[in-house]
Amino acid sequence: MAADPRLGVTTTMSNDPPSSQDLKLDEALLQELKSRNEFESQEETKRRHMVLERLEGILKRLVVLVGKQKGLPQGILNEAGGKVLTYGSFELGVYGPGSDIDTIMVAPKHVTREHFFQHLPDLLRKEFKSEDITELTPVPGISVPIIKVELCGVSVDLIFSNLQLSSVPKTQDLNDLNVLRGLDETDLRCVNGRRVTRRILHLVPQTKVFRMALRAIKLWAKKRALYGNIVGYPGGVAYAMMVARICQLYPKAAAPHIILKFFFLMRKWNWPSPVLLQHHEEGALQLREWDPAVWRGDKLHLMPVITPSYPRQNSTHTIGPSTRMVLLREMERGETIVRGVYDNGKPWKELFQKHTFFTDAYKHYISVITAGKTKEAYQQWSGLVESKLKWLVQGIEQSDAKSVELVQPFNKGFKRQHDCKSADDVEKTLEGNLDCQVPDTATSTTDQGDDIKAQAAAQTATDGMEVPATNGVSPADADGPQMIWTMTFYLGIGLKKGANSLDISSPIQDFRRSCQEWPGYNQDTHSIRVKHMRNYDLPADVFDAGETRPTRTKKAKT
Ligand code: 3AT
Ligand code: MN
Ligand code: MN
73 MAADPRLGVT TTMSNDPPSS QDLKLDEALL QELKSRNEFE SQEETKRRHM
123 VLERLEGILK RLVVLVGKQK GLPQGILNEA GGKVLTYGSF ELGVYGPGSD
173 IDTIMVAPKH VTREHFFQHL PDLLRKEFKS EDITELTPVP GISVPIIKVE
223 LCGVSVDLIF SNLQLSSVPK TQDLNDLNVL RGLDETDLRC VNGRRVTRRI
273 LHLVPQTKVF RMALRAIKLW AKKRALYGNI VGYPGGVAYA MMVARICQLY
323 PKAAAPHIIL KFFFLMRKWN WPSPVLLQHH EEGALQLREW DPAVWRGDKL
373 HLMPVITPSY PRQNSTHTIG PSTRMVLLRE MERGETIVRG VYDNGKPWKE
423 LFQKHTFFTD AYKHYISVIT AGKTKEAYQQ WSGLVESKLK WLVQGIEQSD
473 AKSVELVQPF NKGFKRQHDC KSADDVEKTL EGNLDCQVPD TATSTTDQGD
523 DIKAQAAAQT ATDGMEVPAT NGVSPADADG PQMIWTMTFY LGIGLKKGAN
573 SLDISSPIQD FRRSCQEWPG YNQDTHSIRV KHMRNYDLPA DVFDAGETRP
623 TRTKKAKT
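As numbered in our numbering, residues 73 to 630 make up the sequence shown, in order.
Pasting the structure below:
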């Protein structure tokens, strides 16, 4: 066991310092990331810090305000404090111009989550000019209750926890095990993000190298459509931990070497042996932890990457046999390219080349078209369906094992808006025909705001009642003109050599039924269609300008 926690749970693989080639490639990588606008200017970063300072001021005012309401003595209120801490990509130091700031407000025990939701919006409106608040969406009823806000052009995710302490001093950083005492499950989920992020940083030997390597791996994962916890890939925290583990094994190496070893070692890893950053930390609290020796479900995890701090959890429980296969294949590609960067002077940009999911990868696709008659109905419904997509993948994997090699979910849904003039238009829209699509609102990403709102709705909707539209569009008569919002998810089906039939109707039916069993489902408002399609039938908007669309005559791969 290594004495230095930054070297992890085994001996290191090599303590060699970087060669001159490593350093040259490091510089080339930096230039490549810069040219892709992956870093923001100092000016913009300053703005983030300014926003954070003002948020801490607001929190302190909240602490005093509630304290006064409760009649706490001034002496206590003078000391009560309040701390705004960050986690996510900002805290890790791998954020770019489009990143949000993930923050947790930590308050003394007299301030509750209810106070946070009751007072914070008003306090924000008092502190910031109205033109500086461009979004303000409290989402209280979900597993990690959140206020999403955009301040001075920076989007901020605000979560909250109080501690069982009468004051929260400047030095409180949530690292100590004792802070967990007396927290409920929601609080624990809220403080976990910060605790894990800080611990990861604490466990890597060279922060700067870790950041550079992680930036490259995250960019690779996004460009190759391998980023996204919901549908079966690692998310940001999981990639951070995998890269951190490689940094521990090569404590003196530069980023290019870490990237090469990331691909090599994660591909050769003795899965399902877990990736661990530290030895198990005992906690005195009886919290549920990842433990395959105890929990049967945990034993089924295929590529576990375990969070370091107590209580430890698997960050990759959604990975299935197909997404594992995709990941391993892509890691092999990554390794080959980085070897080419080292040995043949290949440019880094090859590593970040866009995926070919739609252009070249499959002959058969499944599209899952979710639709809603209001924006809200569509958001909650598409979020619910997305969270179940992994079960459709699994159903297809298992149902026709003699034909199906793998089922690759695309990591994001495609959002579209349709201006339907007639019942005929509506039917076409629900079937995934794009004739009446409104062009300028269609984007190809699931943005996080929608995701959170979808979760909120999915958890709060308990009946099938119509959700009121906020933008003035109300669900119209079935025959008249109306707007329909859709989110479409795509799965690529890889067939085994020689397979010439595909029978997947029963998992598709099961999937549709299980989505429709959701208590908030209303057949007048929500729709789901699952269609098998050929590559040459894919809609134009899944392709970028300049990409070659598959055609019927072209001999496509299976
Ligand atoms: P960006 O630079 O912001 O794109 P990030 O790694 O900061 O990358 P997020 O802001 O999406 O990514 O997430 C930060 C952390 O917040 C990661 C995860 O622990 C937590 N998180 C994200 N989305 C959710 C969610 N819907 N529910 C609960 N926790 C979430
Ligand atoms: Mn973030
Ligand atoms: Mn966020």
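Beta carbons: idealized from backbone N, C-alpha and C, even for Gly.
Exposed unless 16 or more other CB atoms sit within 10 angstroms - verdict on residue i
{"i": "residue 320", "result": "buried"}
{"i": "residue 146", "result": "exposed"}
{"i": "residue 121", "result": "exposed"}
{"i": "residue 624", "result": "exposed"}
{"i": "residue 469", "result": "buried"}
{"i": "residue 608", "result": "exposed"}
{"i": "residue 573", "result": "exposed"}
{"i": "residue 372", "result": "exposed"}
{"i": "residue 489", "result": "buried"}
{"i": "residue 357", "result": "exposed"}
{"i": "residue 599", "result": "buried"}
{"i": "residue 202", "result": "exposed"}
{"i": "residue 351", "result": "exposed"}
{"i": "residue 194", "result": "exposed"}
{"i": "residue 426", "result": "exposed"}
{"i": "residue 107", "result": "exposed"}
{"i": "residue 473", "result": "exposed"}
{"i": "residue 564", "result": "buried"}
{"i": "residue 254", "result": "exposed"}
{"i": "residue 317", "result": "buried"}
{"i": "residue 438", "result": "buried"}
{"i": "residue 631", "result": "A query on residue 631 cannot be resolved here, the shown segment of the chain reaching from 73 to 630 and no further."}
{"i": "residue 109", "result": "exposed"}
{"i": "residue 290", "result": "buried"}
{"i": "residue 581", "result": "exposed"}
{"i": "residue 452", "result": "buried"}
Beta-ladder partner(s) of residue i, from DSSP
{"i": "residue 434", "result": "Paired residue(s): none; residue 434 is not in a bridge."}
{"i": "residue 386", "result": "378"}
{"i": "residue 564", "result": "437 and 480"}
{"i": "residue 409", "result": "DSSP, once it has assigned bridges, lists no residue as partnering residue 409."}
{"i": "residue 177", "result": "156 and 232"}
{"i": "residue 605", "result": "437"}
{"i": "residue 347", "result": "377"}
{"i": "residue 391", "result": "The partner list for residue 391 (beta bridge, DSSP) is empty, contrary to what the question assumes."}
{"i": "residue 130", "result": "Residue 130 is not bridged to any residue."}
{"i": "residue 86", "result": "Residue 86 pairs with nothing; no bridge assigned."}
{"i": "residue 227", "result": "222"}
Secondary structure of residue i, DSSP reduced to three states
{"i": "residue 264", "result": "helix"}
{"i": "residue 183", "result": "coil"}
{"i": "residue 555", "result": "strand"}
{"i": "residue 270", "result": "helix"}
{"i": "residue 234", "result": "strand"}
{"i": "residue 111", "result": "coil"}
{"i": "residue 548", "result": "Its pLDDT being 46, under 50, residue 548 is placed unreliably in this model, and the coordinates cannot settle the point."}
{"i": "residue 576", "result": "coil"}
{"i": "residue 193", "result": "helix"}
{"i": "residue 207", "result": "strand"}
{"i": "residue 614", "result": "helix"}
{"i": "residue 400", "result": "helix"}
{"i": "residue 222", "result": "strand"}
{"i": "residue 620", "result": "coil"}
{"i": "residue 427", "result": "coil"}
{"i": "residue 352", "result": "coil"}
{"i": "residue 214", "result": "coil"}
{"i": "residue 240", "result": "strand"}
{"i": "residue 92", "result": "helix"}
{"i": "residue 707", "result": "Not covered by the structure: residue 707. The range shown for the chain is 73 to 630."}
{"i": "residue 599", "result": "strand"}
{"i": "residue 259", "result": "helix"}
{"i": "residue 77", "result": "helix"}
{"i": "residue 342", "result": "coil"}
{"i": "residue 276", "result": "coil"}
heavy atom of ligand 5 below 6 Å from residue i C-beta
{"i": "residue 213", "result": "Although ligand 5 was asked about, the structure shown includes only ligand 1, ligand 2 and ligand 3 as ligands."}
Beta carbon proximity, residue i to chain D, threshold 7 Å
{"i": "residue 592", "result": "As a matter of chain content, chain D is missing from the structure shown, which is built from one protein chain."}
Practice problem: Would you mind listing the beta strand (DSSP E) stretches within the stretch 442–521 that are 3+ residues and don't spill past its ends, in chain order? | Solution: 476–481 and 486–492
Check your understanding: Can you pull every residue whose C-beta falls closer than 5 Å to some heavy atom of ligand 3, listed in chain order?
Key -> 172, 174 and 229
Check your understanding: Could you give the uninterrupted runs of the alpha helix (DSSP H) lying entirely in the stretch 140–169, keeping only those of 4 residues or more?
Key -> 146–152 and 160–164
Query raised in the report: At what residue ranges does the stretch 303–338 contain a whole run of the alpha helix (DSSP H), taking only runs of 4 or more?
Result: 308–321
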